[in-house]
Amino acid sequence: MHARTLMLLTTTLCVGCSAPAPADVQLRPAAQRTRAITQQARDALAEAVEVYDARRAEAWLNATDVEERLETMFSEGSYEYFANNGAFETLFFFGDEAFEAERDRYAGFGRVTSSPLAAAASVQRIHDGERGGLDSSSCRSCHFNGGPDGAGNATQVALLRGDGVHLSSSTLRDAPHVMGLGYIEMIARDIELELEIQVDIHRIQASFSTDDPYVGPLQALGIDFGAVLIFQDGAEDYGFVRGISPDLKVRPFGHKGRHRFLTDVADEAFAVHHAHQSTAREARYTSAWVDDEPQEDIDARQHAYLGDGEAGDRDADGVVDELSTGQGSLLATYMSLLGTPTMRPPADPAMALVWAEGRALFDDVGCTACHVESLRLQTTDLFVQSFDGRHPATWVPLLDEGQEPKPSRNDFSADALGIPLFAFTDLRRHDMGDSLADDVDEELPDGAGAVPRRQWLTRSLWGLADTAPYLHDGRAPTVHDAIVAHDGEARDARDAYVNLDDDEQGAVRVFLHGLGREPVMMVE
Amino acid sequence: MRAQMMSAVVVATCLAGCPTGVPPAPAPIIVPPVVVPDDDAGVPDADAGVVDAGVPVVDAGPPAYVCPPRPNVPHLGLGHSELSEEMAQAWLDYRAERDAERFAEAKDPAAQWAHHRVEQVDIDHGCYALDDVVDVGRALFTRRFRLEEGFGNDLDDHAAAGAKPRPNMRRFQAGAFGGPDATSCLNCHWKQGLGGSGDRADNSFLFGDGDDVTTHDERNPPPLWGLGWVEVLAQEMSADLQRQRDEAVADFDASDETTRRVPLTTQGISFGQLLLSKRNARVHVDTSDVEGVDGDLVIKPFGYKGVFPELRDFLMHSLQVHLGMQAEEVLPLVASGAITDLDLGNGPADDPDDDGVERELTEGQLTALQVFLATQDVPVVDVPGPEDFAIRWAEGAELFEGIGCAYCHVPFLKVAQPTYEVHPTLSGSTVRVDLQHGARPLPSTSDDGGFLIPVFSDFKRHHMGDRLPAQHAERGVEADVFLTRRLMAVAQTGPWMHTAAAATFDEAIYLHGGEGSEAKGASDAFFGLTDDEKGAIRVFLDSLRRAPSIRIR
Numbered sequence: 003m004h005a006r007t008l009m010l011l012t013t014t015l016c017v018g019c020s021a022p023a024p025a026d027v028q029l030r031p032a033a034q035r036t037r038a039i040t041q042q043a044r045d046a047l048a049e050a051v052e053v054y055d056a057r058r059a060e061a062w063l064n065a066t067d068v069e070e071r072l073e074t075m076f077s078e079g080s081y082e083y084f085a086n087n088g089a090f091e092t093l094f095f096f097g098d099e100a101f102e103a104e105r106d107r108y109a110g111f112g113r114v115t116s117s118p119l120a121a122a123a124s125v126q127r128i129h130d131g132e133r134g135g136l137d138s139s140s141c142r143s144c145h146f147n148g149g150p151d152g153a154g155n156a157t158q159v160a161l162l163r164g165d166g167v168h169l170s171s172s173t174l175r176d177a178p179h180v181m182g183l184g185y186i187e188m189i190a191r192d193i194e195l196e197l198e199i200q201v202d203i204h205r206i207q208a209s210f211s212t213d214d215p216y217v218g219p220l221q222a223l224g225i226d227f228g229a230v231l232i233f234q235d236g237a238e239d240y241g242f243v244r245g246i247s248p249d250l251k252v253r254p255f256g257h258k259g260r261h262r263f264l265t266d267v268a269d270e271a272f273a274v275h276h277a278h279q280s281t282a283r284e285a286r287y288t289s290a291w292v293d294d295e296p297q298e299d300i301d302a303r304q305h306a307y308l309g310d311g312e313a314g315d316r317d318a319d320g321v322v323d324e325l326s327t328g329q330g331s332l333l334a335t336y337m338s339l340l341g342t343p344t345m346r347p348p349a350d351p352a353m354a355l356v357w358a359e360g361r362a363l364f365d366d367v368g369c370t371a372c373h374v375e376s377l378r379l380q381t382t383d384l385f386v387q388s389f390d391g392r393h394p395a396t397w398v399p400l401l402d403e404g405q406e407p408k409p410s411r412n413d414f415s416a417d418a419l420g421i422p423l424f425a426f427t428d429l430r431r432h433d434m435g436d437s438l439a440d441d442v443d444e445e446l447p448d449g450a451g452a453v454p455r456r457q458w459l460t461r462s463l464w465g466l467a468d469t470a471p472y473l474h475d476g477r478a479p480t481v482h483d484a485i486v487a488h489d490g491e492a493r494d495a496r497d498a499y500v501n502l503d504d505d506e507q508g509a510v511r512v513f514l515h516g517l518g519r520e521p522v523m524m525v526e
Numbered sequence: 275m276r277a278q279m280m281s282a283v284v285v286a287t288c289l290a291g292c293p294t295g296v297p298p299a300p301a302p303i304i305v306p307p308v309v310v311p312d313d314d315a316g317v318p319d320a321d322a323g324v325v326d327a328g329v330p331v332v333d334a335g336p337p338a339y340v341c342p343p344r345p346n347v348p349h350l351g352l353g354h355s356e357l358s359e360e361m362a363q364a365w366l367d368y369r370a371e372r373d374a375e376r377f378a379e380a381k382d383p384a385a386q387w388a389h390h391r392v393e394q395v396d397i398d399h400g401c402y403a404l405d406d407v408v409d410v411g412r413a414l415f416t417r418r419f420r421l422e423e424g425f426g427n428d429l430d431d432h433a434a435a436g437a438k439p440r441p442n443m444r445r446f447q448a449g450a451f452g453g454p455d456a457t458s459c460l461n462c463h464w465k466q467g468l469g470g471s472g473d474r475a476d477n478s479f480l481f482g483d484g485d486d487v488t489t490h491d492e493r494n495p496p497p498l499w500g501l502g503w504v505e506v507l508a509q510e511m512s513a514d515l516q517r518q519r520d521e522a523v524a525d526f527d528a529s530d531e532t533t534r535r536v537p538l539t540t541q542g543i544s545f546g547q548l549l550l551s552k553r554n555a556r557v558h559v560d561t562s563d564v565e566g567v568d569g570d571l572v573i574k575p576f577g578y579k580g581v582f583p584e585l586r587d588f589l590m591h592s593l594q595v596h597l598g599m600q601a602e603e604v605l606p607l608v609a610s611g612a613i614t615d616l617d618l619g620n621g622p623a624d625d626p627d628d629d630g631v632e633r634e635l636t637e638g639q640l641t642a643l644q645v646f647l648a649t650q651d652v653p654v655v656d657v658p659g660p661e662d663f664a665i666r667w668a669e670g671a672e673l674f675e676g677i678g679c680a681y682c683h684v685p686f687l688k689v690a691q692p693t694y695e696v697h698p699t700l701s702g703s704t705v706r707v708d709l710q711h712g713a714r715p716l717p718s719t720s721d722d723g724g725f726l727i728p729v730f731s732d733f734k735r736h737h738m739g740d741r742l743p744a745q746h747a748e749r750g751v752e753a754d755v756f757l758t759r760r761l762m763a764v765a766q767t768g769p770w771m772h773t774a775a776a777a778t779f780d781e782a783i784y785l786h787g788g789e790g791s792e793a794k795g796a797s798d799a800f801f802g803l804t805d806d807e808k809g810a811i812r813v814f815l816d817s818l819r820r821a822p823s824i825r826i827r
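Quick mapping for you: the protein sequence lines, in order, are chains A and B.
For the first sequence, our numbering assigns the number 3 to the initial residue and increments by one for each residue that follows.
For the second sequence, our numbering assigns the number 275 to the initial residue and increments by one for each residue that follows.
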C-alpha cells in the first residue's frame, strides 16, 4: 500500500526528479535541562499521589465487589444524616466520587431492557423529547474540559429534545463548567427576595396612587427587571417583567435560564443524560400542578418527562426506585461546595498592561452592560432544596465550608455592601437576535411557561479561558468568533468591539483569557 | 529500506519522463543544527540533531542551510511517565508556559500559529532535537484550531459538507468527508491524560448521511499510548509473514511440486495458510485461507477494524474527518488516487475545502504530531501492592488465560528492533526515532534483547457476533469484523467496546458473546465462573494501566 502510494505520487509529481537521495535523519533527544524544584511542586505531587493511591484502592474494591460501586448512591436518610450533622467534608467527598462514577446498568442506568447486561446497546445520543438520552455515563464525561468540574468539548455537545434519530431535529447545548454555582444560586435568591419586597412596596404605593395602572419598576442589585402594573381594581400584570419569567423567579442555570435550583439541574441531568430517574422526579411529573388539573394533562406530562412504565419504574428498565432524592441533593451540595473560577492576569508585566487595557475596553465597548463584572452577595448561606419539596432544605454555610477559592470581601467602602462575586453576568435573559435563536421556544420544566427562542441567559464568563468552544451550541471555536456572533440586544457592543483596532481587540481577548481557574496537579 | 525503494522508483520514473525544463536543484548541504540560545533549556548534547544520512558535510559551495529558531511552543519534551519531583516541576513550568502562550495567542493568534508551522525540510536538515519535535506535536495535539488555520470548511455546494457558515461543524459525519465534529485532538483523547480515550459522549458517528443516526457507525475514541511500539511491532510481524511467503514461493518455484500449503505463523500466532500452485509455470498464491489479515500480509494495527498500517495514514484521515484540517500531504495522495476513502471537498485544487486556507497543516507538522504520538509511553501491568489483591490478581491472570481470553488478547508480543520510521510522502525523506528515547517507562526486555510489549492483542481481525452492532464495511473489512482491541491501559479507558456501550468489564465481556462471535466461548465461560473468580479477572484487568503519571489540569 505504502509503496503504491509512493509510486503513484512519484509518477504524478516526480518528486525529487532532480534532487539527490531523500534525507534520512535520526531525531535525538536534547540534553536534559536541570530544574530548581520548588516547594509548590513537592506539595502538589505529594497531594496528587495521595489521591491516586486512594482511587487505586477504590478500584480494586470495585473490581471484586459489585456492591461497592453503589456507595455513592445516597439514600435520603444518609444524605440527611451527614447534612444535619454538618459533615460537609464527607458530603463533598462522596459527591466528588459520584460526579466521577461511571453509571452502569446494574444501578438502573438506562432504559428498556430485559436483563441489565443486554441493555448495553441502548445508548441514545440524540435525545427523545424531554426524556432524553442516555448519552453519557458519568458527570465527568462532559464536565472535564480545562480540569475537573470543567466544561464540555465540541464533541460532548448534548443533542436535546429531538426525535431520537435525526441530528437536525435536536437542540444543541454545550456543557458549561460547574464551578461556583452555589454562589450563583445564592445571588439568584437575593434577587428574588429583593423583587418580592419591591412588589409588596408597589402594592402599598399603588393603593395610595391614582395611576391606573400604577407602574412599579423592578430593579435588584442594580439590574433592571422591567415593571409590574397594578390596576386600581387590584389586578396585577406581569407582562412587562423583563429578563426573567413573569413569576419573578430567577432561574440562573441552563443556557436559557431553565432551573432555579442546583437540585433541579442534578435531577434533570441524571434523567436525561444517564436515564436515571429519581423517585421525586416521578412524584413531580405524575402529580397535578394546579388544582383540578385534567388527568389527560397529567398523563401527557408523565409521558413526556418519564415514559410509560409501571409506577416506580417509569423508564421500564427493570430497576425500581433507581435514584433517591438524596442523590440529587448530594450532587447539588457537592457542586455548591466547589470553588470558584479566578481572575488570573498574565505574569508577564508587559502582557499584564495589555490585560488591564483590555479590562477597561471590555467596559468601554459595553460588554459589561450584561456581563456585569461583579454582583454582591447579600447572604452568606445557601439552602440546598430537596427535589421533592417535601424534605426541608439543607443549610450549607458556603462561605465557611466551601472549597477554595471562594469569594471574599476585599473592599470595605461604605457603599459596597456584600461580598463581590466576579461572575460577569446579570443573571437575566436577553434577546440575542435571530442568528443565535433556537428553532422553537423552550418549555420550562417547572410549568412556568416557555422561554422565547431568541432569549438567552447572560452566560457567566468566569472560567471562560478553559471552556472553548463558546456559545450555547459551541458554534464559536474562539472568543473572537463568540463575540462577533452576538446580536440582538448585544449588537451595539458587538459592533463597538468589531470597530476596535487589532491591538485593542487583542487586549479585550487577553483580558477574557485571564478569566481562568487555579490549575490542579493530578496523578493519573 | 523504504527510502531505497523510493529512490529506485524515482530514478526509474524520471528516466521515463522527467520534466525537461526544470533545472537540477543544488545538492542539499547538511550542517549541524543551529543551536538557539535559550538560557533555561540547556544545550543539546554533542550529537543531538546531527544528520545521519551518510552524506558528507561539504564546506565549500552554496551557502549552508540556515535553520529557523526552535519553535516557540511550551516545553515539556518527552514528558516521561514518572512520579518524580523533577517531572512535577516540569509540569508546573509547562503550565506557566501554556498560560503565557494563551495570552500571546489571545493577543495575536496569527503570530502564535506561525510558531507551530514547522517545515519538513528543517526536520530533514536536522534542525530540531527530538524533544523540539515532540513539543510541537504536543502543542498541535492540544491545540484548538481556528478558522484562520483552516479548521472546518466553507463549502456550500458539496452535498457531504452541509451548508452552514464556517467552520460548518456537524456532530454526525457525512460519508468520507466527515464533520468536522471536534475542534482539537484533545476533545476526544483526554481520559487519564493527553492521548487517552474518549468518553461515550465523544463517540464519532461515521460513514452516514450526517443526520440520521441509524445510518452511522458509532466509534469510541481509543487511547493513543504506546502506538510507536505497536506500529513497529506490526511491521516486524508483517515482514516476518511476508518473508515466510517469499521464501516459500521461491522454494516452491524451484521444486517439482504442483501445490503446497504454507502455514503462516509469527510470534506464535497463526495467520492461516497460503495455498501455492503453478499456472503456466508461474507460481500462483491463493490467500483465501489467510486469517485475520489481508492477503497482502500487511498487519494494519490502527482503527477499530484494523485498516491503517501507519499512524501517518490514521492522522491524515482523522484531521480531515474530525477537524477539517487538510494536511498538505493528503491533497496529492487523494488527487492521485493513492488514498481513495477520503473526500476532501470540491473546492480549488490547492484548497479543496474552500475555506481560503492552503497548506492547512504542513508536512512537518504532520511529522511532529506523528512523532509525538509514537513516543508516548507503553502502558504497563501494574500489579496491586496489597497482598490479598495481589493474590487475586494472580488468580485472575490464570483465569484470563484459562477461559480463553488470552487466545486473542495475547499478553506480550516482542519488538526486536525499536526504530520507528516516519515517511513523509512529499519530501520522501525518512525520519528515524529510537523508541528507547521515548517517554518512560520503557517496555521490559526479554533474554534475547527484544522488548516485551504488553499489548494483549493478536493483531488479527475476528468476527465478533451480533452483540456488537455495526453496519458499514470499512476498507473491505466486513461490518462485524474487528481487530482484537489492545488491552493496553484497559482499566483507564472505559466505557468499552467500539461504541462505548459497556460501562463495566462484565458488560464488555458480555458483548463479546453474541451469535457468530469467535469470542463466544470465552465470554460464556466468564459468566460460568463464580463471583470470586469473576472478581479476580476484574482485578487482573484493572492492573492493565498506564504507569501513574503527572498531569496538570
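Just so it is clear, CB atoms sit at the ideal spot from N, CA and C, and this is done for glycine as well.
If we ignore side chains and look at the alpha-carbon of each, how far apart do residue i and residue j end up?
i: A:GLN507; j: B:GLY411; result: 29 Å
i: B:LYS794; j: B:HIS786; result: 6 Å
i: B:SER817; j: A:VAL243; result: 59 Å
i: A:ILE186; j: A:PRO409; result: 11 Å
i: B:ASP732; j: B:GLU584; result: 17 Å
i: A:LEU423; j: B:TYR368; result: 30 Å
i: B:LEU761; j: B:THR488; result: 29 Å
i: A:ASP448; j: A:ASP433; result: 22 Å
Would you mind telling me which residues of chain A sit closer than 8 Å to residue i, beta carbon to beta carbon, in chain order?
i: B:GLU765; result: Looking at the sequence provided, one finds Ala at residue 765 of chain B rather than Glu. Going along chain A in sequence order, the residues near B:ALA765 (Cβ under 8 Å) are ALA61.
i: B:PRO342; result: Within chain A, no residue comes near B:PRO342; the closest Cβ sits about 16 Å away, beyond 8 Å.
Run down chain B in chain order and give the residues with a C-beta less than 8 Å from the C-beta of residue i.
i: A:ASP137; result: ARG474 and ALA475
i: A:MET353; result: ALA374, PHE377, ALA378 and LYS381
Output, in chain order, the set of chain A residues within a Cβ distance shorter than 7 Å of residue i.
i: B:TRP365; result: MET523
i: B:THR561; result: By Cβ distance, chain A contributes nothing, its closest Cβ being about 15 Å from B:THR561, past 7 Å.
Quick one: which chain A residues come within Cβ less than 9 Å of residue i?
i: B:LEU421; result: PRO479, THR480 and ASP483
i: B:GLY768; result: GLU104 and SER139
i: B:LEU357; result: LEU47, ALA50, VAL51, TYR54 and VAL525
Can you round the beta-carbon distance between residue i and residue j to whole angstroms, since I take them to be within the 8 Å contact cut?
i: B:ALA765; j: B:ARG819; result: 5 Å
i: B:GLU356; j: B:ARG714; result: 5 Å
i: B:ARG418; j: A:PRO479; result: 6 Å
Compare the Cα-Cα distances from residue i to each of the options and report the closest residue.
i: A:GLY182; options: A:THR342, A:THR157, A:SER80 and A:ASP98; result: A:THR342
i: B:SER478; options: B:GLY467, B:ASP486, B:ARG445 and B:PHE451; result: B:ARG445
i: A:LEU223; options: A:SER388, A:LEU195 and A:GLU52; result: A:LEU195
i: B:VAL657; options: B:LEU616, B:PRO583 and B:GLY670; result: B:GLY670
i: A:ARG346; options: B:PRO717, B:PRO337, B:ARG344 and B:PHE377; result: B:PHE377
i: B:CYS341; options: B:ALA528, B:PHE756 and B:GLN394; result: B:GLN394
i: A:ALA425; options: A:LEU419, A:PRO394, A:GLY404 and A:THR370; result: A:THR370
i: B:GLY739; options: B:GLY484, B:ASN554, B:PRO717 and B:GLU792; result: B:GLU792
Just to make sure I have the definition right: I need the residues of chain B whose C-beta is within less than 9 Å of the C-beta of residue i. Which are they?
i: A:PHE146; result: TRP464, LYS465, ASP473 and ARG827
Considering only DSSP beta bridges, list what residue i is partnered with.
i: A:ASN147; result: A:ALA153
i: B:ARG819; result: B:VAL654
Name the chain B residues whose beta carbon is nearer than 7 Å to that of residue i?
i: A:LEU400; result: The premise fails here: A:LEU400 is roughly 23 Å from chain B at the closest Cβ pair, so nothing lies under 7 Å.
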